[in-house]
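Chains as they are written, first to last, in the numbering used here: chain A, 1 to 132; chain B, 133 to 264.
Each residue gets a CB set at the ideal place from its N, CA and C atoms; glycine is no exception.
Number of protein chains: 2
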Amino acid sequence: MQIREVEQSAGLPAKTIRYYEEIGLVRPNRQDNGYRIYSTEDVHRLRFLQRARGLGFSIEDCRALLSLYDETGRESADVRAIAEAHLDEIDRKIRELKGMRQTLAHLVHACHGDDRPDCPILDDLAGIGDGA
Amino acid sequence: MQIREVEQSAGLPAKTIRYYEEIGLVRPNRQDNGYRIYSTEDVHRLRFLQRARGLGFSIEDCRALLSLYDETGRESADVRAIAEAHLDEIDRKIRELKGMRQTLAHLVHACHGDDRPDCPILDDLAGIGDGA
DNA sequence: CATAAAGCTTCCAGCTGCTGGAAGGTCAAG
DNA sequence: CTTGACCTTCCAGCAGCTGGAAGCTTTATG
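Written out as structure tokens, the structure reads:
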């Protein structure tokens with residue numbers, strides 16, 4: 001299978017697929033002309049990566065997950081530990097974004113948003129608290 | 133005021149302050165020896181940046197907000213438009229993270245996480261659906 | 001058979017927003 | 001006069017790609 005076809009079946013752009021090879025996540029063979037040739041297993045790994053990345057795992061997490069996937073003697077606890085750490089990280093990000101969201105929504109609400117220059121959003125950013 | 137002191141009052145590391153100058157967000161004067169010297173207004177701008185970044189605005193948004201802040205004839209609608217677009221973006225990210233969170237929490241829950249190799253997390257990533 | 005279009009290759013640069021570190025100038029204290 | 005704290009510039013690197021140039025190969029068409 002050539003790269004253009006793998007794009008479809010793995011759901012990843014060719015550039016990304018080559019990049020994943022460059023950083024050692026997948027090792028396709030080469031044809032005589034130098035073209036990459038992907039086995040079903042290569043495509044499998046790429047799909048794995050596509051899903052793991054879609055869940056927000058970092059590249060290094062993906063590398064660890066893939067190697068656990070390869071390792072038949074793995075302990076599921078190791079996999080779960082990675083996933084739990086990532087889950088915590090996601091929760092942290094959600095909390096952070098919600099904090100921003102709240103402040104921002106409040107400010108947007110307070111701003112009349114017309115042709116006049118006075119603006120609670122700018123006031124807040126400038127550190128002019130409303131005292132409340 | 134020299135940079136080390138500005139670090140404290142703006143709540144930004146010196147490296148970042150210099151970087152903000154490099155990209156034209158602030159323009160401190162120089163002493164004869166070449167040292168940067170920050171006016172109260174410079175510090176003010178930096179604090180503005182610190183807050184805006186803390187709310188997750190991009191550097192380009194910050195640039196736009198600062199220039200609206202400078203512009204006394206601004207329309208608050210312009211400020212609000214930037215803030216609303218950013219709010220939408222935050223909401224999008226929260227939704228994305230929540231989607232990940234849900235899938236991942238489900239998988240973590242399903243994984244017994246012991247010394248055995250079978251693992252629903254890896255199965256899912258490998259595309260082995262549980263058919264449900 | 002010539003040529004053009006499509007697909008492949010490598011390599012280099014750039015994106016965001018800093019951050020670390022090296023090499024070196026300046027200044028106040030002892 | 002030296003030490004140490006501060007300041008400067010410049011260059012490199014982080015994540016995770018993405019775009020583009022320059023140049024092969026292969027396939028389709030006239």
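Task: Boundaries of the alpha helix (DSSP H) in which Leu313 of chain B is found, first to last residue - done: The displayed coordinates of chain B run from 133 to 264. Any statement about residue 313 of chain B would go beyond what the structure contains.
Task: Buried versus exposed, by CB contacts within 10 Å (16 or more), Gly245 of chain B - done: Counting every other CB atom within 10 Å of its CB across the protein chains shown gives Gly245 of chain B a total of 16 or more, marking it as buried.
Task: For Gly131 of chain A, three-class secondary structure by DSSP - done: Its pLDDT being 49, under 50, Gly131 of chain A is placed unreliably by the model, and the measurement read from it follows with that caveat. Gly131 of chain A falls in the coil class under three-state DSSP.
Open item on the list: Is there a Cβ of chain A sitting closer than 8 Å to that of Asp247 of chain B, yes or no?
Closed with: Judged by the 8 Å Cβ criterion, Asp247 of chain B is in contact with chain A.
Open item on the list: Against Met100 of chain A, what residues of chain B qualify as contacts under a CB-to-CB distance less than 7 Å, listed in chain order?
Closed with: Scanning chain B for C-beta atoms nearer than 7 Å to the C-beta of Met100 of chain A yields Leu187, Gly188, Ile222, reported in chain order.
Open item on the list: With a threshold of 8 Å between beta carbons, is Ile59 of chain A in contact with chain B?
Closed with: Not closer than 8 Å to any Cβ of chain B, the Cβ of Ile59 of chain A fails to qualify, so no.
Task: Nonlocal neighbours in the same chain, by C-beta distance under 7 Å from Gln182 of chain B, ignoring five residues either side - done: So the qualifying residues of the chain are Ala142, Gly143, Leu144.
TODO: Quick one: grab the DSSP three-state call for Ile169 of chain B.
DONE: Three-state result, Ile169 of chain B: strand.
Task: Exposed unless 16 or more other CB atoms sit within 10 angstroms - verdict on Ala14 of chain A - done: Exposed: under 16 other Cβ atoms inside 10 Å.
Task: Coarse secondary structure for Arg30 of chain A, derived from DSSP in three states - done: In the three-state DSSP reduction, Arg30 of chain A falls in the strand class (E or B).
Task: Within chain B, partners of Arg63 of chain A - CB distance below 8 Å - done: For Arg63 of chain A, no chain B residue has a Cβ inside 8 Å of its Cβ, as the nearest lies near 13 Å away.
Open item on the list: Quick check: the Cα distance between Ile155 of chain B and Tyr38 of chain A, rounded to an integer number of angstroms?
Closed with: Computed Cα separation, rounded: 44 Å.
Task: Supposed close pair Ala237 of chain B, Leu87 of chain A - CB separation, criterion 8 Å - done: Going by Cβ atoms, the distance from Ala237 of chain B to Leu87 of chain A rounds to 6 Å, so yes, they are a contact pair.
Task: Proximity winner among B:Arg227, B:Arg136, B:Lys225, B:Ala196, relative to Val175 of chain B (alpha-carbon distances) - done: Relative to the Cα of Val175 of chain B, the nearest Cα in the group B:Arg227, B:Arg136, B:Lys225, B:Ala196 belongs to B:Arg136.
Open item on the list: Distance cutoff 8 Å, beta carbons only. Does Ile260 of chain B sit that close to anything in chain A?
Closed with: In terms of beta-carbon proximity, Ile260 of chain B stays away from the interface with chain A, with every pair separated by 8 Å or more.
Task: Residue burial classification, Ser208 of chain B (beta-carbon count within 10 angstroms, cutoff 16) - done: Classification for Ser208 of chain B: buried.
Open item on the list: Between Leu104 of chain A and chain B, is the shortest Cβ-Cβ distance under 8 Å, so that the two count as touching?
Closed with: It does: the Cβ of Leu104 of chain A has a partner Cβ on chain B nearer than 8 Å.
Open item on the list: Please list, in chain order, the residues of the segment 155–180 of chain B that have any C-beta partner in chain A closer than 8 Å.
Closed with: Contact annotation: in the segment 155–180 of chain B, residues whose CB is within less than 8 Å of a CB in chain A are His176, Arg179, Phe180.
Open item on the list: Since Asp90 of chain A and Leu229 of chain B should fall inside the 8 Å C-beta cutoff, what is the C-beta to C-beta distance between them, to a whole number of angstroms?
Closed with: In the sequence on display, residue 90 of chain A carries Ile and not Asp. Taking 8 Å as the upper bound for CB-CB distance, Ile90 of chain A and Leu229 of chain B are in contact here, some 5 Å apart.
Task: CA-to-CA distance, Gln163 of chain B to Phe57 of chain A, given in whole angstroms - done: Spanning the two alpha carbons is a distance of roughly 48 Å.
- [ ] Would you identify the three-state DSSP class for Gln2 of chain A, choosing helix, strand or coil?
- [x] DSSP places Gln2 of chain A outside both helix and strand once states are collapsed to three, so it counts as coil.
- [ ] Using a cut-off of 7 Å between C-beta atoms, extract the partners of Asp118 of chain A located in chain B.
- [x] For a Cβ distance threshold of 7 Å, residue set Ser208 of chain B lies close to Asp118 of chain A, ordered along the chain.
- [ ] Check the C-beta distance from Val108 of chain A over to Arg212 of chain B and give it rounded, since I have them as a contact under 8 Å.
- [x] The C-beta distance from Val108 of chain A to Arg212 of chain B rounds to 6 Å, short enough to fall under 8 Å.
Open item on the list: Between which residues of its own chain and Asn161 of chain B is the CB-CB distance below 6 Å, once the five residues before and five after are set aside?
Closed with: Result list for Asn161 of chain B: Ile169, in chain order.
Task: Ile214 of chain B versus Tyr151 of chain B: straight-line alpha-carbon distance, rounded - done: So the two alpha carbons sit approximately 23 Å from each other.
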